[in-house]
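Below is one structure, written out as structure tokens, with a few remarks after it.
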Amino acid sequence: MAKPVSIEVWNPSGKYRVISTKPMPGTRWINLLVQQGCRVEICTEKKTILSVEDIIALIGDKCDGVIGQLTEDWGETLFSALSRAGGKAFSNMAVGYNNVDVNAANKYGVAVGNTPGVLTETTAELAASLSLAAARRIVEADEFMRAGLYDGWLPNLYVGNLLKGQTVGVIGAGRIGSAYARMMVEAYAEFLKASGEKPVTWKRASSMDEVLRQADVISLHPVLDKTTYHLVNKERLAIMKKEAILVNCSRGPVIDEVALVEHLRANPMFRVGLDVFEDEPFMKPGLADMKNAIVVPHIASASKWTREGMATLAALNVLGKIKGYPIWSDPNQVEPFLNENAPPPAASPSIVNAKALGLPVSKL
Ligand SMILES: O=C(O)[C@H](O)CO
């Protein structure tokens with residue numbers, strides 16, 4: 013028998029029981045659910061990653077929908093528990109949903125939501141920040157200052173890479189990868205054009221290995237599935253330039269992290285900026301000791317506007333299914349759901365298995 017988990021309740025007499033497995037930023041998502049007749053239960057357990065047993069205890073005997081997190085294992089066990097409790101909807105508060113077994117959700121007729129369109133630029137901005145910080149060794153230099161080691165300017169102190177004129181490679185040029193490319197290249201192209209200098213050019217490479225061989229800075233933005241697991245492995249690291257910069261704000265297992273640690277050790281001028289890790293929240297042995305690695309705790313989407321928007325979209329995904337609303341026709345154009353001064357459209361913003369479940373699409 014699982015231990016009971018602590019919760020905070022909003023609108024106790026609400027007709028529909030909606031659970032959020034974590035407190036989420038902002039209050040708009042709570043208000044929208046409450047205004048539409050939901051009793052909202054937020055898990056306040058002081059435990060970062062909830063187990064399947066914890067979530068089963070939260071679901072209980074009657075639950076209409078759940079808003080969950082990318083750290084949770086949403087497979088057969090949880091979808092069958094949710095379905096037994098009468099639940100019709102689950103939404104990840106994330107755009108990525110590699111933690112969700114969508115086939116299992118289909119089997120139990122549970123709609124699965126995600127939150128695209130609100131974290132594109134925020135994530136691309138972190139990838140750009142890590143690229144610049146790695147190129148100019150900002151974290152190492154900051155640690156040096158704080159340690160009281162700076163005793164005067166030196167010609168060789170924290171020499172890094174100049175990015176002007178260098179080649180930027182994007183692997184996985186979807187929404188976020190394309191935004192990263194625009195950030196790294198377009199503004200610079202305008203600047204060069206205005207000062208009459210040689211323009212920036214771009215091309216679609218014929219293979220991933222071509223990008224790895226030619227680029228000076230490479231940012232990874234693929235989805236994680238069987239085809240992208242260890243996409244960057246020992247062999248592929250070996251074909252990259254010795255002074256290249258590799259950034260990962262997608263999912264950790266896209267890189268073979270053991271091979272990466274070895275490569276960082278053998279190539280001190282090769283640098284990485286990592287937001288995600290193969291065994292998140294853990295790092296493979298040795299990674300934390302590498303001066304040529306910048307590591308941050310999966311914060312690519314962590315701007316206030318984006319995180320509040322993700323919470324709102326996740327709540328509206330669940331609410332829309334409970335209310336029998338159709339699915340929004342373009343999950344990349346979610347601005348109408350984020351406008352605080354107007355009621356949101358009567359639709360679920362993004363349901364990834366809408367087609368498999370035969371759910372109607374909104375005509376709005
Ligand atoms: O998939 C996502 O939404 C991100 O990884 C969260 O930061």
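Those letters in the sequence shown? Residues 13 to 376, by this note's numbering.
Even for Gly, the Cβ is constructed at its ideal location relative to N, Cα and C.
Fair warning: this is a prediction, and the values are worked out from it, not measured in the lab.
Use the C-beta contact count for Pro293: other C-beta atoms within 10 angstroms, 16 or more gives buried, fewer gives exposed. Exposed, since its Cβ has fewer than 16 Cβ neighbours within 10 Å.
Give the secondary structure of Pro357 by DSSP, where H, G and I count as helix, E and B as strand, and everything else as coil. Shown here, Pro357 sits in coil according to DSSP, grouped into three states, outside any helix or strand.
Could you pull out every residue in the same chain whose Cβ sits closer than 6 Å to the Cβ of Asn245, ignoring the five residues on either side in sequence? Annotation for Asn245: Asp268 and Ala271 place their beta carbon closer than 6 Å to its own, counting only its chain and skipping 5 residues before and after.
Tell me the rounded alpha-carbon separation between Asn118 and Val284. Our two residues, Asn118 and Val284, have alpha carbons roughly 38 Å apart in a direct line.
Considering only residues of the same chain and omitting the five flanking positions on each side of Thr324, which have a CB-CB separation below 6 Å? Around Thr324: Arg40 and Trp41.
In the DSSP output, what is Glu22 paired with across the bridge? Checking the displayed sequence, the identity of residue 22 turns out to be Trp instead of Glu. BP columns for Trp22 point to Val52.
Option nearest Gly181 by Cα separation, candidates Thr213, Gly160, Glu202 and Arg51: Checked all of Thr213, Gly160, Glu202 and Arg51; the closest Cα to Gly181 is Thr213.
Residue from Asn365, Leu371 and Val307 whose Cα sits closest to the Cα of Ala116: Per the Cα distances, Asn365.
Under 7 Å, do Leu384 and Ile230 count as touching if we go by C-beta distance? Residue 384 lies beyond the range of the chain shown here (13 to 376); nothing can be said about it.
Contact under 7 Å by Cβ, Glu84 with Leu62: Contact annotation: Glu84 and Leu62 have beta-carbon atoms nearer than 7 Å.
Closest to Leu369 by C-alpha separation, out of Val124, Arg96, Val17 and Tyr28, would be which residue? Cα-wise, what sits closest to Leu369 is Val124.
CB contact flag (Val17, Glu65, <7 Å): No, Cβ-Cβ distance for Val17 and Glu65 is not below 7 Å.
From Lys100 to Glu20, what does the alpha carbon distance come to, in whole angstroms? One C-alpha to the other measures close to 22 Å.
So Arg149 and Cys75 are in contact, right, with Cβ under 8 Å, and what is the actual spacing, rounded? With 8 Å as the limit, Arg149 and Cys75 do not qualify as a contact, their Cβ atoms being about 50 Å apart.
Quick one: which unbroken alpha helix (DSSP H) runs of 4-plus residues sit fully inside the segment 169-211? Chain order, please. Listed in chain order, the complete alpha helix (DSSP H) runs (minimum 4 residues) inside the segment 169-211 are 187-193 and 199-206.
The segment 166-178 contacting the segment 141-158, beta-carbon criterion three pairs below 8 Å: They touch, by the three-pair rule.
If you reduce the DSSP assignment to three classes, tell me which class Ser92 lands in. Here Ser92 sits in helix by DSSP.
Within the present structure, is the beta-carbon of Ser313 separated from the nearest heavy atom of ligand 1 by less than 6 Å? At least one heavy atom of ligand 1 is found less than 6 Å from the C-beta of Ser313.
Separation of Arg158 from Met322, as counted between CA atoms: Rounded to the nearest angstrom, the gap between the Cα atoms of Met322 and Arg158 is 36 Å.
Report the CB separation of Glu135 from Cys261 in whole angstroms; it is logged as a contact under 8 Å. A small fix is needed here, since residue 135 is Thr in this sequence, not Glu. That pair is a contact at about 6 Å.
Where Met13 falls: helix, strand or coil (DSSP): Below a pLDDT of 50, predicted positions are generally treated as unreliable, and Met13, at 43, falls in that range; the measurement from the model is reported next regardless. In the three-state reduction of the DSSP assignment, Met13 falls in the coil class.
C-alpha gap between Ser143 and Glu155, whole angstroms: Whole-angstrom Cα-Cα distance: 18 Å.
With DSSP as the reference, identify every bridge partner of Ser231, one or two as the case may be. BP columns for Ser231 point to Val182 and Val259.
When every heavy atom of ligand 1 is checked, does at least one fall within less than 6 Å of the C-beta of Val122? Answer for Val122: no, Cβ out of range of ligand 1.
Given 8 Å as the limit, is there contact between the segment 322-342 and the segment 43-58, that is, 3 or more CB pairs closer than that? In this structure the segment 322-342 lies against the segment 43-58, because at least three pairs of beta carbons, one per stretch, are closer than 8 Å.
Please say whether Ser313 and Leu131 have beta carbons closer to each other than 7 Å? For Leu131 and Ser313, yes; Cβs fall inside 7 Å.
Euclidean distance between Cα positions of Pro356 and Val346: Here the C-alpha atom of Pro356 lies approximately 10 Å from the C-alpha atom of Val346.
Residue from Glu222, Gly49, Ala106 and Lys34 whose Cα sits closest to the Cα of Leu26: According to the sequence as given, residue 26 is Gly; it is not Leu. Closest option to Gly26, Cα to Cα, is Gly49.
Excluding five sequence neighbours on each side, which residues of the same chain lie with their C-beta closer than 7 Å to the C-beta of Tyr337? In chain order, Ala358, Ala359 and Ser360 place their CB closer than 7 Å to the CB of Tyr337, counting only its own chain and leaving out the 5 sequence neighbours on each side.
Within its chain, find whatever has a CB closer than 7 Å to the CB of Met13; leave out the 5 residues flanking it on each side and keep chain order. The predicted position of Met13 is uncertain, since its pLDDT is 43 and thus under 50; no value can be drawn from it.
Count the other CB atoms within 10 Å of the CB of Ile334; is the residue buried (16 or more) or exposed (fewer)? By the 16-neighbour rule on beta-carbons within 10 angstroms, Ile334 is buried.
Would you list, in sequence order, the uninterrupted beta strand (DSSP E) runs of no fewer than 3 residues that lie entirely inside the segment 236-294? The DSSP assignment places complete beta strand (DSSP E) segments of no fewer than 3 residues inside the segment 236-294 at 257-260 and 283-286, in order along the chain.
Around the C-beta of Arg380, are 16 or more other C-beta atoms found within 10 angstroms, so that it is buried, or is it exposed? For residue 380 there is no data in the structure shown, the boundaries of the chain being 13 and 376.
Tell me the rounded alpha-carbon separation between Glu209 and Gly177. The straight-line gap separating the alpha-carbon atoms of Glu209 and Gly177 is approximately 11 Å.
Near Glu255, which residues of its chain fall below 7 Å by C-beta distance, leaving aside the five closest residues on each side in sequence? Result list for Glu255: Asn173, Met281 and Phe282, in chain order.
Can you give, in chain order, each stretch of the beta strand (DSSP E) that sits fully within the segment 296-321 and has at least 3 residues? Here the runs fully enclosed are 305-307.
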